[in-house]
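When we follow this note's numbering, the leftmost residue of the sequence shown carries the number -6, and every step to the right adds one.
A virtual CB, placed ideally from N, CA and C, is assigned to each residue, including glycine.
Scroll down for the structure; my scribbles are underneath it.
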Amino acid sequence: MLHLVLGASQAPAAVDTSPPVVVAAGCGCCLALSLLTLVLLLLRCRLRPRALFLKLQCCAATVAAMAVFLHAVHRPPSPSCYAALATTLEALLLIGLSSHISKLLLIHTELMRIGNLNYAVVGVTTGAPLLAVLCSHLAYMSAEWPVRHWWLETGSPFFFMFAASAALLCVLFVLLCCTVLRRLSSLRANKLADAEAAGLASR
């Protein structure tokens, strides 16, 4: 994936006519491992449906993205399909990334005792990246910019939109992770204080 994205500006023609073996091998390994993980998660989805749903979402998005890569590598699409494939890849990769933020948000809502917002959290964190993808696709089509490749080529509007969205998701993940860890530390300190108070009272 990285070879396709970063090497597009150097030798795009070579990638179109004879895709590197390392790309197909990497995508194939990722697809196989993601499928295995997806099957194992499906076998356990009844135990903790909300948390496992987000893991299933990440695995399914990865499987779909790798399937698109492998199909396009082995059967190069026509130029008329480049924009649709680039948009699909962007959406799938952002859905996979957003699932990690959803997990942290679910933990945060449980800690704050507002569990009734669980489904709203999942919907917002999944829908926001898709809305960004839709806006970038509409802007790309309305401006009638030429689409030279089906992947997220470096320097293209698709790539910049994906990079900006991914960076924003990473920043939100770090901030939310710090918030959750701080909340857990506070709860642990309160629990220890209550335990000490109970021990002193029992004496």
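When you compare only the Cα positions, how much space is there between Tyr75 and Ser178?
Taking the sequence shown and counting its residues from 1, one reaches residue 75 at position 82. Taking the sequence shown and counting its residues from 1, one reaches residue 178 at position 185. Straight across, the Cα-Cα distance linking Tyr75 with Ser178 is about 49 Å.
Along the chain, which unbroken stretches of the alpha helix (DSSP H) at least 4 residues long are found entirely within the stretch 6 to 91?
14 to 36 and 42 to 67
Quick check: what's the CA-CA separation for Phe98 versus Pro72?
Taking the first residue of the sequence shown as position 1, residue 98 is located at position 105. Taking the first residue of the sequence shown as position 1, residue 72 is located at position 79. At residue 98 the sequence reads Leu, which differs from the Phe that was named. The alpha-carbon atoms of Leu98 and Pro72 are separated by roughly 40 Å.
Please classify Asp89 as buried or exposed, where buried requires at least 16 neighbouring CB atoms within 10 angstroms.
One-based indexing of the sequence shown puts residue 89 at position 96. The sequence given here places Gly at residue 89; Asp does not occur at that position. It is buried - the Cβ of Gly89 has at least 16 other Cβ atoms within 10 Å.
Who are the near neighbours of Lys48 in its chain, counting only those whose CB is closer than 6 Å to its CB and skipping five residues on each side?
To locate residue 48, count along the sequence shown from 1; it is residue 55. Leu34.
By the 10 Å Cβ neighbour count, where 16 or more other Cβ atoms means buried, how is Val126 classified, buried or exposed?
Along the sequence shown, one-based indexing puts residue 126 at 133. Val126 should be labelled buried.
Within the stretch 100 to 170, note down every full alpha helix (DSSP H) run reaching 4 residues or more, in order along the chain.
111 to 136
Taking 8 Å as the threshold (C-beta atoms), are Tyr133 and Phe151 in contact?
What you label residue 151 is simply residue 158 of the sequence shown in a count that begins at 1. What you label residue 133 is simply residue 140 of the sequence shown in a count that begins at 1. In this structure, Phe151 lies near Tyr133, with their beta-carbon atoms less than 8 Å apart.
In whole angstroms, what separates the C-alpha of His101 from that of Val14?
In the sequence shown, residue 101 corresponds to position 108, counting from 1. In the sequence shown, residue 14 corresponds to position 21, counting from 1. Inter-residue distance for His101 and Val14 is about 43 Å (C-alpha atoms, whole angstroms).
Quick check: the Cα distance between Gly116 and Leu124, rounded to an integer number of angstroms?
Here residue 116 refers to the residue found at position 123 of the sequence shown. Here residue 124 refers to the residue found at position 131 of the sequence shown. Each residue's alpha carbon lies about 12 Å from the other.
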